[in-house]
Amino acid sequence: MPGNIYNPPLTPRTRLERLLRERELRKLNNCLNEGEAEFFGESISSDGESSSFLNEEQHSEIMSRSSNDVCERSDGRVSKQRLLVVANRLPVSAIRLGEDSWQLDISIGGLVSALLGIKQYETIWIGWAGVSVHDDIGQRTLTTALADKRCIPVFLDEEIVQQYYNGYCNNILWPLFHYLGSPQEDRLATTRTFQSQFDAYKEANKMFANVERNKKMKVGWFLHTPFPSSEIHRTLPSRSELLKSVLTADLVGFHTYDYARHFVSACTRILGLEGTPEGVEDEQGKLTRVAAFPIGIDSNRFIQALELPQVQDHMKELVARFGGRKLMLGVDRLDMIKGIPQKILAFEKFLEENPKWRDKVVLVQIAVPTRTDVPEYQKLTSQVHEIVGRINGKYGTFTAVPIHHLDRSLDFHELCALYAVTDVALVTSLRDGMNLVSYEFVACQASKKGVLILSEFAGAAQSLGSGAILVNPWNVTEVASSIGKALDMPAEEREKRHHQNFTHVTTHTSKEWAATFISELNDTIVEAHLRTTHVPPVLPFKTAVDHYFKCNNRLLILGFNTTLTEPVDVRARKDSQIKEMELKLRPVFSEPLKKLCDDPKTTIIILSGSDRSVLDKNFSNYSLWLAAENGMFLRSTAGEWMTTMPECLNMDWVDSVKHVFRYFTERTPRSHFEFRETSLKWNYKYADLVFGRLQARDLLQHLWTGPISNAPVEVVQGSQSVEVRPVGFSKAAVIDRILGEIVHGKGMKEPVDYVLCIGHFLVKDEDIYTFFEPELPPEPPAVPNPVKTSASKSSLSNEGESKAAFRIEGSLRTVERCMTRPAKAPGAPRPLTLETTPSFHESYSAVLDLEGDNYFSCAVGRQQSKARYMLGSSDDVAVLLRQLAGLSPPNSTDCQNLST
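Mapping the sequence shown onto UniProt numbering, position 571 (from 1) lands on 571, and the numbers just tick up by one.
As structure tokens, then:
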């Protein structure tokens, strides 16, 4: 859904400024558009309660716009931007009259009127018409008929509907999202049929998606039901697939903040992604915005209906019928989540405890039948009828009964009249996405100013809670007490409560909801564009390979973890931890690495934070250079280990930090810490991420106030790790000493004219990407108190400064050395000293002839990086190395046995 690039004078810069400006423009447009015709070109009435269409669309609403900002009509006029509304059902029901003729009945509710009220877009609906059509003639003629209503049908057969909608949506998702478990006797059957229902669900989604595909569309996904806590959602077998699919949208909306919070928590705990105040950020840096958008109603429709003669007549009939008794009202679908039995039992308790009210109050319960063929709903109907019969038999008389129960819906005018004469509305939902009945009641109470008793488990409680009496529907005693409070409430308090809710209902309308959601969707794209402005492009494989073969002395710097190791699915959070703790080179890299190492024109450095034993175990059979612990230790596989670490480096802090790390490892399940020779790292990637973050924050406080308060160390925070290491040492800080040793040991006869640096490095270590950049990169960190020598100064000679092709500034000149050096212990790595090895920069003009076009830095699995380019995963690295080794043709994406 591509956005308008709207840049008027004084364009708002911040997100809030843009949204406020958009809101003011909407208000202006609404004033200008008053009196415009309805979208369908005719008046549309609602059959039953206005929220009925919402009930049909139980699960999701996807809104997107087409790829063209504006379209030109055949007559030369510029058309509006398109708004595609994808839902399970069209706002039109089709009835076949003949082979090529159809009757279209328009049924519209609050959601539909909200979206049709957005005049600045050309709205097109995509969905099922409620009828199965198998023949070509029927599909063609129905498509043509619906086109006049700006609707596009999706043709689902009976089996798909039964499995996808009645099966997966209603039997699996609906109970789960409303915190209802399947009955015990049905759980085994549900498990057996789950996969076939989920397959049908995916097939149906593909059929909807195939109606119009456009990669440039921006997509907003809105859920009209509650979203359960992560502990409930994780019981769903398809939990990860659903979350990943929803996260492909640009904007994800819910009715309340609680539902949005639960969704973010599920993505964090189940997928292992990062939750932010704005939404969910994946490992590639893509942000899916998650926010709350409470829906409303078309309040004017209800307010204006009260003036109609037929509504006035109904109101007079009701007042006369109930003979001055106080009227309580419940309007619900006959569904387990609506809490109808709890409501009636609370009313019974009220009558039992308040004899004076028994002949002065009546409860009218409208229970609209739904899913009458489902056994659980049949049992609910019988249960409600039994309770109503018992209460009426106990407290009724020959002339009156305390409960009037109707198993049917009312037309719009009857419903408005009933709302208007009601003294107390009783909404006792056990779990409800929003419940717009409460909104409709408030809209019709301008005269009566009745009291609303509202369940705290309804989404509307967060919007109308200030004026309503909130109750826990499971607490029958509390609800009964609230009934008494509502009936005895003074007029002044009733008026204040009503005014509070009436103001909200009339300002937060369905049209405002739709306009706000689409405005946020547009702005989300603006924010995404700003975020991706500095995202590096994907590495151009052919260019990198072509330049590689044209050069004579190539240097490849490769990271290890995530770059050359087995892919680890952190999101699975089951058995991946063992794989990561035992890092192994992927077999797919063996052949290309062997061939590249045997090439005399190519030098390879494996630069890793892992310790020496891990690198020895994986690379001892290859002819290359190993740099362990971020370059602290170095060796050619043909030689012995050397160290770039000062021999007088203070490591007294290690034991204290180790005790802190061990303490938090014991108290954080599935966390672990790595003890290396020069650093310690605590990792909580596989722990509960929310708990892990809290523990990490506590751990940092312990470190800063204790073991490292005055120690010469730095703390490096990864996405789910904390590392403590000597200050001033990083991959970039030691790279010139490593290169100096390589140049000295290998005896290079030609300058390096090609550099490829690939890795998945911590942000702290990403300066290695800018180390070879030609345009004055930032000063890399230096070791404490470096000693500058005449040799290091000579490296910045006029000859070096005058190299137009490349320029390196501010690298590490020397390694700190002490006046007195202890004797080398047996088996210890040989120290690199100024006497044994020259700095790389002391002679870089002779060994480096690197043009900017021959330098390729690539971040693996990260979009936010200092690297020039990015690669998606180690699979892409494998493809690239195979091409460099000549094992695959350029531009090939084939890599044999990548999964092995």
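Backbone N, C-alpha and C define an ideal beta-carbon position, used for all residues, glycine too.
> Which term fits L406, buried or exposed, when burial requires 16 or more other beta carbons within 10 angstroms of its beta carbon?
Replying inline: Position 406 of the sequence shown, counted from the start, is the residue given in the question as residue 406. Its Cβ having fewer than 16 others within 10 Å, L406 is exposed.
> In chain order, what residues of the same chain have a beta carbon less than 8 Å from the beta carbon of T665, not counting five sequence neighbours either side?
Replying inline: Translated into the one-based positions of the sequence shown, residue 665 becomes position 665. Cβ within range, chain order: S671, H672, F673, W682.
>> Does C648 pass the burial test, meaning 16 or more other C-beta atoms within 10 Å, or should it be called exposed?
In response: By one-based count along the sequence shown, residue 648 stands at place 648. Exposed, by the Cβ-count rule.
>> Whether or not the region 214-228 and the region 240-253 are in contact is what I'm after, with contact meaning three or more pairs of Cβ atoms, one per stretch, closer than 8 Å; do they touch?
In response: yes
>> Cutting at 6 Å between CB atoms, please list the residues of its own chain near Q864, excluding the five before and the five after it.
In response: Mapped onto the sequence shown, residue 864 falls at position 864. So the list reads G285, once near-sequence residues are dropped.
> Secondary structure at R817, three-state DSSP: helix, strand or coil?
Replying inline: Mapped onto the sequence shown, residue 817 falls at position 817. Low local confidence applies: a pLDDT of 32 at R817 is under 50, so the model's placement there is unreliable, and no value is given.
> Going by C-alpha distance, which of I483, S466, W474 is nearest K496?
Replying inline: Mapped onto the sequence shown, residue 496 falls at position 496. If we check each option's Cα against that of K496, S466 comes out closest.
> R737 to E723, Cα distance in whole Å?
Replying inline: Numbered from its first residue, the sequence shown carries residue 737 at position 737. Numbered from its first residue, the sequence shown carries residue 723 at position 723. R737 and E723: Cα-Cα distance of roughly 23 Å.
> What are the boundary residues of the beta strand (DSSP E) that Q863 is part of?
Replying inline: Here the question's residue 863 lines up with position 863 in the sequence shown. It is not in any beta strand (DSSP E) - Q863 carries neither H nor E in the DSSP assignment.
> If you draw a straight line from the C-alpha of T705 to the C-alpha of V657, how long is it?
Replying inline: Your numbering for residue 705 matches position 705 in the sequence shown. Your numbering for residue 657 matches position 657 in the sequence shown. Distance between the alpha carbons of T705 and V657 is about 12 Å.
>> Nearest by alpha-carbon distance to M642: which of M651, L626, D655, D652 is it?
In response: Numbered from 1 along the sequence shown, position 642 holds the residue referred to as residue 642. It is L626.
> In whole angstroms, what separates the C-alpha of residue 902 from that of T225?
Replying inline: Since the first and last residues shown for the chain are 1 and 900, residue 902 lies out of range.
>> Suppose you measure from the CA of L694 to the CA of R612; what does that come to, to the nearest Å?
In response: By 1-based counting over the sequence shown, the position of residue 694 is 694. By 1-based counting over the sequence shown, the position of residue 612 is 612. Rounded to whole angstroms, L694 to R612 spans 32 Å at the Cα level.
>> Quick check on DSSP: helix, strand or coil for D298?
In response: Walking along the sequence shown from the start, residue 298 turns up at place 298. Reduced to three states, the DSSP call for D298 is coil.
> Using the beta-carbon count (16 or more within 10 Å), is L881 buried or exposed?
Replying inline: Walking along the sequence shown from the start, residue 881 turns up at place 881. Buried, by the Cβ-count rule.
> Taking DSSP as the reference, what is the three-state secondary structure of A638?
Replying inline: Residue mapping note: residue 638 aligns to position 638 of the sequence shown, counting from 1. A638: coil per DSSP, three-state reduction.
> Excluding five sequence neighbours on each side, which residues of the same chain lie with their C-beta closer than 7 Å to the C-beta of L142?
Replying inline: Here residue 142 refers to the residue found at position 142 when the sequence shown is read from its first residue. A94, W102, A129, V133, P153, listed in sequence order.
> Between R371 and the rest of its own chain, which residues show a CB-CB distance below 6 Å, the 5 nearest in sequence each way excluded?
Replying inline: If you number the sequence shown from 1, residue 371 lands on position 371. Counting only Cβ-Cβ distances below 6 Å, and skipping sequence neighbours, we find Y377.
> For A804, which of helix, strand or coil comes out of DSSP?
Replying inline: Here residue 804 refers to the residue found at position 804 of the sequence shown. Below a pLDDT of 50, predicted positions are generally treated as unreliable, and A804, at 31, falls in that range; the measurement from the model is reported next regardless. The answer is coil: DSSP assigns A804 none of H, G, I, E or B.
> Which same chain residues, not among the five before or five after R676, have their C-beta less than 7 Å away from its C-beta?
Replying inline: By 1-based counting over the sequence shown, the position of residue 676 is 676. Same-chain partners within the cutoff: D611, E629.
>> Taking its Cβ as the centre, do 16 or more other Cβ atoms sit within 10 Å of Y257, making it buried, or is it exposed?
In response: Locating residue 257 in the sequence shown gives position 257, counting from the first residue. Exposed, because fewer than 16 other Cβ atoms sit within 10 Å of the Cβ of Y257.
>> Comparing C-alpha positions only, which one of M336, H413, D849 sits nearest to V374?
In response: Sequence index remark: in the sequence shown, residue 374 carries index 374 (1-based). When only C-alpha atoms are compared, the closest one is M336.
> Which stretch, first to last residue, makes up the alpha helix (DSSP H) that contains H314?
Replying inline: Numbered from its first residue, the sequence shown carries residue 314 at position 314. Taken as a continuous stretch (DSSP letters only), the alpha helix (DSSP H) holding H314 covers 309-321.
> Just the Cα atoms here: how many angstroms apart are G396 and S429?
Replying inline: By one-based count along the sequence shown, residue 396 stands at place 396. By one-based count along the sequence shown, residue 429 stands at place 429. Cα to Cα, the separation comes out at about 26 Å.
> Taking the alpha-carbon positions, what's the C858 to Y869 distance?
Replying inline: Translated into the one-based positions of the sequence shown, residue 858 becomes position 858. Translated into the one-based positions of the sequence shown, residue 869 becomes position 869. For C858 and Y869, the distance between alpha carbons rounds to 5 Å.
> Residues in its own chain within less than 7 Å of I160 by CB, not counting five upstream and five downstream?
Replying inline: Position 160 of the sequence shown holds residue 160. For I160, where only same-chain residues beyond five positions count, the Cβ hits under 7 Å are A200, E203, A204.
>> According to DSSP, simplified to helix, strand and coil, what is T565?
In response: Your numbering for residue 565 matches position 565 in the sequence shown. If DSSP states are grouped into helix, strand and coil, T565 belongs with the strands.
> L607 to L271, Cα distance in whole Å?
Replying inline: For the purposes of this step, residue 607 is taken as the residue at position 607 of the sequence shown. For the purposes of this step, residue 271 is taken as the residue at position 271 of the sequence shown. Roughly 29 Å between the two C-alpha positions.
>> Using 8 Å for Cβ pairs, my map puts A291 next to G253. What's the rounded Cβ distance?
In response: Stepping through the sequence shown from its first residue, residue 291 is reached at position 291. Stepping through the sequence shown from its first residue, residue 253 is reached at position 253. So it is a contact: roughly 6 Å between Cβ atoms.
> What distance in whole Å lies between the Cβ atoms of P237 and F194, which are believed to be in contact at a cut-off of 8 Å?
Replying inline: As a first step, residue 194 must be located in the sequence shown, where it is residue number 194. As a first step, residue 237 must be located in the sequence shown, where it is residue number 237. Contact holds; Cβ gap of about 6 Å.
> Between the beta-carbon of residue 970 and the beta-carbon of L756, is there less than 8 Å?
Replying inline: The requested residue 970 is not part of the displayed model; the chain covers only 1 to 900.
> Anyone know if the C-beta pair for residue 915 and F517 falls short of 8 Å?
Replying inline: The structure shown does not extend to residue 915, since the chain spans only 1 to 900, so no value can be given for it.
> With C-beta atoms as the reference, is E493 less than 8 Å away from V471?
Replying inline: Numbered from its first residue, the sequence shown carries residue 493 at position 493. Numbered from its first residue, the sequence shown carries residue 471 at position 471. Contact flag unset, no.
> Just checking my contact of I469 with K448 at CB under 8 Å: how many whole Å lie between their CB atoms?
Replying inline: For this step, residue 469 is matched to residue 469 along the sequence shown. For this step, residue 448 is matched to residue 448 along the sequence shown. That pair is no contact at about 16 Å.
>> By the three-class DSSP mapping on this structure, what secondary structure does K244 have?
In response: Walking along the sequence shown from the start, residue 244 turns up at place 244. DSSP places K244 in helix when its eight states are reduced to three.
> Between T509 and the rest of its own chain, which residues show a CB-CB distance below 7 Å, the 5 nearest in sequence each way excluded?
Replying inline: Your numbering for residue 509 matches position 509 in the sequence shown. Excluding positions up to five away in sequence, the list reads G296, I297, D298, S299.
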